Amino acid sequence: MAETLLSIEGLRKAYPGVVANDDVSFSIAPGEVHALLGENGAGKSTLVKMIYGLVRPDSGRMLMKGQPYEPATPHAARAAGVAMVFQHFSLFEALNVAENVALGMEDPPKQRELAARIREVSETYGLPLDPGRLVGDLSAGERQRVEIIRCLLQDPKLLIMDEPTSVLTPQEVDILFETLRKLQAEGTSILYISHKLEEIRTLCDGATILRLGKVVGTCDPKESSAREMAEMMVGQTLHTPSREEKPLGDVVLDLTALSLRSANPFGTSLKEIDLQVHAGEVLGIGGVAGNGQDELLAALSGEALSPAEAVKLNGQPVGQLGPNARRRLGLLAAPEERLGHAAAPDMSLTENALLTGAIREELVSNGFLKWPAAKSFAEKIIERFDVRTPGPANAARSLSGGNLQKFVVGREILQRPICLVVNQPTWGVDASAAAAIRQALLDLAAEGAALVVISQDLDELMEISDRFAALNEGRLSPTRPAKGLTVDEIGLMMGGAHDMEVAHVDA
Amino acid sequence: MIRLEKRPQPSRAWSYATPVLAVVITMIAGGILFAFLGKDPFLAIKTIFYDPLLGEFAWYYRGQLLVKAGPLILIAIGLSLGFRAGIWNIGAEGQYIMGAIFGAAVGLAFYPMEARWLIFPLMVIAGALGGFLWAMIPAILKTRFNTNEILVSLLLVYVAEQFLASMALGALRNPEGSGFPGSRNLQQYPAAANTELIAGTGMHWGVVAAFIAVIAAYVLLKRHMLGYQIRLTGESPRAARFAGVRPNLLIIFCMGISGALAGLAGLFEVAGPAGQISIDFNSGYGFTAIIVAFLGRLHPVGILLAGLLLALTYIGGEAAQANLGLPAAAIQAFQGMLLFFLLAVDVLTNYRIRLRRTEAA
Numbered sequence: 052m053a054e055t056l057l058s059i060e061g062l063r064k065a066y067p068g069v070v071a072n073d074d075v076s077f078s079i080a081p082g083e084v085h086a087l088l089g090e091n092g093a094g095k096s097t098l099v100k101m102i103y104g105l106v107r108p109d110s111g112r113m114l115m116k117g118q119p120y121e122p123a124t125p126h127a128a129r130a131a132g133v134a135m136v137f138q139h140f141s142l143f144e145a146l147n148v149a150e151n152v153a154l155g156m157e158d159p160p161k162q163r164e165l166a167a168r169i170r171e172v173s174e175t176y177g178l179p180l181d182p183g184r185l186v187g188d189l190s191a192g193e194r195q196r197v198e199i200i201r202c203l204l205q206d207p208k209l210l211i212m213d214e215p216t217s218v219l220t221p222q223e224v225d226i227l228f229e230t231l232r233k234l235q236a237e238g239t240s241i242l243y244i245s246h247k248l249e250e251i252r253t254l255c256d257g258a259t260i261l262r263l264g265k266v267v268g269t270c271d272p273k274e275s276s277a278r279e280m281a282e283m284m285v286g287q288t289l290h291t292p293s294r295e296e297k298p299l300g301d302v303v304l305d306l307t308a309l310s311l312r313s314a315n316p317f318g319t320s321l322k323e324i325d326l327q328v329h330a331g332e333v334l335g336i337g338g339v340a341g342n343g344q345d346e347l348l349a350a351l352s353g354e355a356l357s358p359a360e361a362v363k364l365n366g367q368p369v370g371q372l373g374p375n376a377r378r379r380l381g382l383l384a385a386p387e388e389r390l391g392h393a394a395a396p397d398m399s400l401t402e403n404a405l406l407t408g409a410i411r412e413e414l415v416s417n418g419f420l421k422w423p424a425a426k427s428f429a430e431k432i433i434e435r436f437d438v439r440t441p442g443p444a445n446a447a448r449s450l451s452g453g454n455l456q457k458f459v460v461g462r463e464i465l466q467r468p469i470c471l472v473v474n475q476p477t478w479g480v481d482a483s484a485a486a487a488i489r490q491a492l493l494d495l496a497a498e499g500a501a502l503v504v505i506s507q508d509l510d511e512l513m514e515i516s517d518r519f520a521a522l523n524e525g526r527l528s529p530t531r532p533a534k535g536l537t538v539d540e541i542g543l544m545m546g547g548a549h550d551m552e553v554a555h556v557d558a
Numbered sequence: 152m153i154r155l156e157k158r159p160q161p162s163r164a165w166s167y168a169t170p171v172l173a174v175v176i177t178m179i180a181g182g183i184l185f186a187f188l189g190k191d192p193f194l195a196i197k198t199i200f201y202d203p204l205l206g207e208f209a210w211y212y213r214g215q216l217l218v219k220a221g222p223l224i225l226i227a228i229g230l231s232l233g234f235r236a237g238i239w240n241i242g243a244e245g246q247y248i249m250g251a252i253f254g255a256a257v258g259l260a261f262y263p264m265e266a267r268w269l270i271f272p273l274m275v276i277a278g279a280l281g282g283f284l285w286a287m288i289p290a291i292l293k294t295r296f297n298t299n300e301i302l303v304s305l306l307l308v309y310v311a312e313q314f315l316a317s318m319a320l321g322a323l324r325n326p327e328g329s330g331f332p333g334s335r336n337l338q339q340y341p342a343a344a345n346t347e348l349i350a351g352t353g354m355h356w357g358v359v360a361a362f363i364a365v366i367a368a369y370v371l372l373k374r375h376m377l378g379y380q381i382r383l384t385g386e387s388p389r390a391a392r393f394a395g396v397r398p399n400l401l402i403i404f405c406m407g408i409s410g411a412l413a414g415l416a417g418l419f420e421v422a423g424p425a426g427q428i429s430i431d432f433n434s435g436y437g438f439t440a441i442i443v444a445f446l447g448r449l450h451p452v453g454i455l456l457a458g459l460l461l462a463l464t465y466i467g468g469e470a471a472q473a474n475l476g477l478p479a480a481a482i483q484a485f486q487g488m489l490l491f492f493l494l495a496v497d498v499l500t501n502y503r504i505r506l507r508r509t510e511a512a
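Note that the protein sequences, when read in sequence, are chains A and B.
With my numbering, the residue at position 143 of the first sequence is 194, and numbering never jumps.
With my numbering, the residue at position 188 of the second sequence is 339, and numbering never jumps.
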């Protein structure tokens, strides 16, 4: 495969305040399935939008079969043989399959001819689909087939697929992979975007790994281990655990077969999560972003309700209780999104102190607010956690990310939780503030609280966790004591291979 | 090129200044509009804003001011609670009609009994209940089936109007009215009349209720958990959920309170200034109150002032129609401009304007 179909050289795209892609280069050979791998926000989407003519690069160049390739519009990209299946479909539910396909074509043939061609293509590639059915009646997997067939009718040389399996059932994934292999055998190249390592290992011939907009490595997924790829994606060597093992206290938080559909159609549903957290321990939950972290936090904070027995605090079923009832019992949470979830951007710090502190700090009597008490609670947080701000009357959005994070985590810690759940406690926080937050979390555990720390920072998790588990596509790996956990095992837990699949992964 | 730059914090000064600025711009644009209609713009503006307060016939207009402002303020206070939480009750006009029908029906049912101590309070309760129940239709449809409350509440206005007409022609028609549509005149039925409390001021029980509503809303928003939850939901629905706010309960509460206050306004109107249920009883208070709520920045004191201002444009507008021959549509356009400019200059509260040369994109 010496010849290349598409080669990308030094592509750069900056948006105000963030460089989405910086000096990105890679190439795809004809008939290659090439993976573009990276965490959420690594710059994958921007890159493919440039290839598909939706976004213009600031600098760098692309070559298609050796010729300069500068698509100004998706129209030009399609003319050059590039087709794309988006993560979010653009289909009209009230129209049937053939009508939808016709809408995307430059020069649509007659409906009957088109229906025949759709049937032909769908049979050739093993994508069962009836052109006469209404799109509104189709499953997500079938809708994706409509999009794929729409692309295949253009006879593309390069097919871009953006996270195609996020909406599919395992069976549908198998069908999709069969189709992609058939296309590959015919010489079509595929650029496959995902952060699911197992998929990439089974499907792709080459992989380019992006992190923070830059290419951090390339590998042959069939030769590399899940751990190596995970390491490249998150950008750090996985350190061995540093916490001493200690005897476990009583079980404080107990999750039994917790399953939860995500409220967001593109979110990750939680599947059969079992978990025990003991008094005085820190349980670290790792995993690549977007694998169910937000949903797990919502299920624990009480924003998402579950069967009562699925979540128990000190043996008491709390699955049906809302956030305030759980706070009353001592189950507190600090979400990842600081502005708009953990704090209201335009409200003052005093008002934000009230947001979660109203009950445990007794800032309300008979429904009336005690503003002086709320203000002194806010001042206490500001002082104890060294939040840099002129005072509690300032709006939350005027604080820097790190300072607001200290405020949000501090607000929960000062309420003396029995069990505290934090998502990304030090994301975007400078090193010294991060260390202070981690120390505060450890102190809280030392006082006997049970802690669940969800994070993408594996160093952080290894530093503070007593036990460790990983979320992957909404499933939680078995929990292991953090001490004695080998680097390979961590990589496997994150990469999607559960215990039963260890056999065919080389260490 | 003009660029907008987001302020780190909303500007306090501008949030007070924008309503004043909007009024001034409206006067200018309205003046231009009146000039195009061939009227003297300065005279028109003076007729609308100055004469009713300090002109020759001000003694007559001043009483009208409270009569008009009372229902506007009462309805707008209720609406503002929902608007703050992002719950859009656009159908206050319908709730106003239903309150009037419920209240009047109770009053007429007792005719000609003279126990005012019993009848008038019952009418007040029935009025509030009528508006409340009418507002519960969009509220429950929204919480149960996730329908859009804007659409449902708005369309129910037209249902209420039809109901009003059928009541005026049917069940509530004055048996001694020689077949003319319209109910008995409640003003002439002392046990049910909402009379002027101080002669010549226009002060009636509806105005009293409006002032009480202003104070209660102020306390609710400043000092009560429920008010905090309303504000939090409007600021950031996700943070509100995290803070334990139950969105459905809040929808029921906000729709219910705005419906009840609109119903009260309708009752005080039908038992007072209007006097009777008639086919064209409603005169758009429920819609104008939306302008009042926004003009007052959804703040109780602001709404009080905005209600008085809008009432002034109503009265002044009528005077301008009568004295200068301005068409009614021009006055309505003038009131619409007020809301338009208010929303337009509102951007200054959160953004600052920077003049800058165009940069290469």
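We put the CB at the ideal spot given by N, CA and C, even for glycine.
Here the structure is a predicted model, which is why all the values come from computation and not from measurement.
Hey, residue i and residue j: beta-carbon distance below 9 Å or not?
i                     : j                     : result
residue 443 (chain A) : residue 385 (chain A) : no
residue 441 (chain A) : residue 460 (chain A) : no
residue 133 (chain A) : residue 57 (chain A)  : yes
residue 499 (chain B) : residue 231 (chain B) : no
residue 74 (chain A)  : residue 363 (chain A) : no
residue 245 (chain B) : residue 171 (chain B) : no
residue 283 (chain A) : residue 204 (chain A) : no
residue 250 (chain B) : residue 206 (chain B) : no
residue 184 (chain A) : residue 147 (chain A) : yes
residue 395 (chain A) : residue 387 (chain A) : no
For residue i and residue j, I'd like the C-alpha separation in whole angstroms.
i                     : j                     : result
residue 299 (chain B) : residue 513 (chain A) : 49 Å
residue 154 (chain B) : residue 169 (chain A) : 50 Å
residue 209 (chain A) : residue 195 (chain A) : 17 Å
residue 408 (chain B) : residue 464 (chain B) : 27 Å
residue 427 (chain A) : residue 335 (chain A) : 32 Å
residue 447 (chain A) : residue 271 (chain A) : 46 Å
residue 202 (chain A) : residue 524 (chain A) : 28 Å
residue 341 (chain B) : residue 379 (chain A) : 55 Å
residue 168 (chain B) : residue 174 (chain B) : 10 Å
Find the residues of chain B that neighbour residue i, judging by a C-beta separation of less than 8 Å, and give them in chain order.
i                     : result
residue 418 (chain A) : 375, 376 and 377
residue 415 (chain A) : 376
residue 562 (chain A) : Residue numbering for chain A in the displayed model covers 52 to 558; residue 562 (chain A) lies beyond these limits and cannot be assessed.
Which residues in chain B have a C-beta closer than 7 Å to the C-beta of residue i? List them in chain order.
i                     : result
residue 392 (chain A) : 389, 390 and 393
residue 405 (chain A) : 379
residue 386 (chain A) : 393
The beta strand (DSSP E) with residue i in it runs from where to where?
i                     : result
residue 270 (chain A) : 265-270
residue 305 (chain A) : 302-311
residue 502 (chain A) : 501-505
residue 454 (chain A) : Not the beta strand (DSSP E): residue 454 (chain A) falls in the alpha helix (DSSP H), residues 452-464.
residue 86 (chain A)  : 84-88
State the start and end residues of the unbroken alpha helix (DSSP H) segment that holds residue i.
i                     : result
residue 164 (chain A) : 162-175
residue 284 (chain A) : 277-285
residue 441 (chain B) : 436-446
residue 375 (chain A) : 374-380
residue 405 (chain B) : 398-422
residue 231 (chain B) : 209-235
residue 202 (chain B) : 202-205
Could you work out which residues of chain A lie near residue i, taking near to mean beta carbons separated by less than 7 Å?
i                     : result
residue 451 (chain B) : Here the premise fails: no neighbours, minimum Cβ distance about 17 Å.
Whose Cβ in chain A lies nearer than 9 Å to the Cβ of residue i?
i                     : result
residue 397 (chain B) : 373
If the cut is a Cβ gap below 8 Å, which residues of chain A does residue i touch?
i                     : result
residue 161 (chain B) : 397 and 446
residue 386 (chain B) : 395, 396, 397 and 398
Residues of chain B with a CB under 9 Å from the CB of residue i: which are they?
i                     : result
residue 409 (chain A) : 376, 379, 394 and 395
Completely contained beta strand (DSSP E) runs for the region 102-159 of chain A, where each covers 3 or more residues: 110-115 and 133-136
Any chance you could list the alpha helix (DSSP H) runs of at least 4 consecutive residues sitting entirely within the region 332-357 of chain A, in chain order? 344-352
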